[in-house]
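Student: What follows is a structure written as structure tokens; I'll ask about it next.
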Amino acid sequence: DEKAGKPPKWKRFGEVVLSPRWTLGLLLQSVFNLFGEVVAYSLAPMSLIAPLGGVTVVLNTSLAPRLLGEKLHPWPDLPATFSILIGTVITTSMGAHHDVEVSSVEQMQQIVLRPMALAIMSGI
């Protein structure tokens with residue numbers, strides 16, 4: 344429209360078109376996502392729920408080409424999505440499935456100074 348001399352129908356912020364539909368979608372996604380996370384974290388430990396955020400990436404990668412006509416690139420989309428999927432499965436299945444109550448500094452030091460915790464913190 345701008346090239347034809349007409350003013351744009353909706354305001355833009357960079358490449359984002361701020362239409363009422365887009366704004367409604369953003370608000371609904373934000374509100375429902377926040378509510379869903381609060382409920383999920385109240386029902387299960389964070390070590391079980393947090394890795395499932397990777398499912399969003401996998402779903403977006405698989406649904407965007409079908410629903411939005413976006414092009415799926417063999418590199419890096421597929422390897423990255425596969426890595427996220429594997430990481431999500433491993434961390435969800437191997438993570439602690441119960442909350443650990445920490446009641447003292449000494450107990451926290453014992454947990455943090457375990458060999459596996461040190462290996463994870465060092466990036467291995």
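Quick note: to get the working numbering, add 343 to the position in the sequence shown (first position is 1). Just so you know, even glycine gets a beta-carbon here, dropped at the ideal spot from N, CA and C. This one's a predicted model, so the numbers in the text were calculated from it and none came from an experiment.
Taking the alpha carbon of Glu444 as the reference point, which residue from Ser436, Leu421, Ile454 and Gly438 has its own alpha carbon closest?
Tutor: Here the question's residue 444 lines up with position 101 in the sequence shown. Of Ser436, Leu421, Ile454 and Gly438, the residue nearest in Cα terms is Ile454.
Student: Once DSSP output is grouped into helix, strand and coil, what is the label at Arg457?
Tutor: Numbered from 1 along the sequence shown, position 114 holds the residue referred to as residue 457. Arg457: coil per DSSP, three-state reduction.
Student: Closest by CA to Val398, which one among Leu361, Thr434 and Val448?
Tutor: As a first step, residue 398 is located in the sequence shown; it is residue number 55 there, counting from the start. Shortest Cα-Cα distance from Val398 to any of Leu361, Thr434 and Val448 involves Thr434.
Student: Using CA atoms only, rank isn't needed, just tell me which of Leu391, Ser447 and Leu402 is closest to Met437.
Tutor: Locating residue 437 in the sequence shown gives position 94, where the first residue counts as 1. Of Leu391, Ser447 and Leu402, the residue nearest in Cα terms is Leu391.
Student: Kindly indicate the opening and closing residues of the alpha helix (DSSP H) around Ser426.
Tutor: Counting from 1 along the sequence shown, the entry for residue 426 is found at position 83. Per DSSP, Ser426 belongs to the alpha helix (DSSP H) from Asp420 to Met437.
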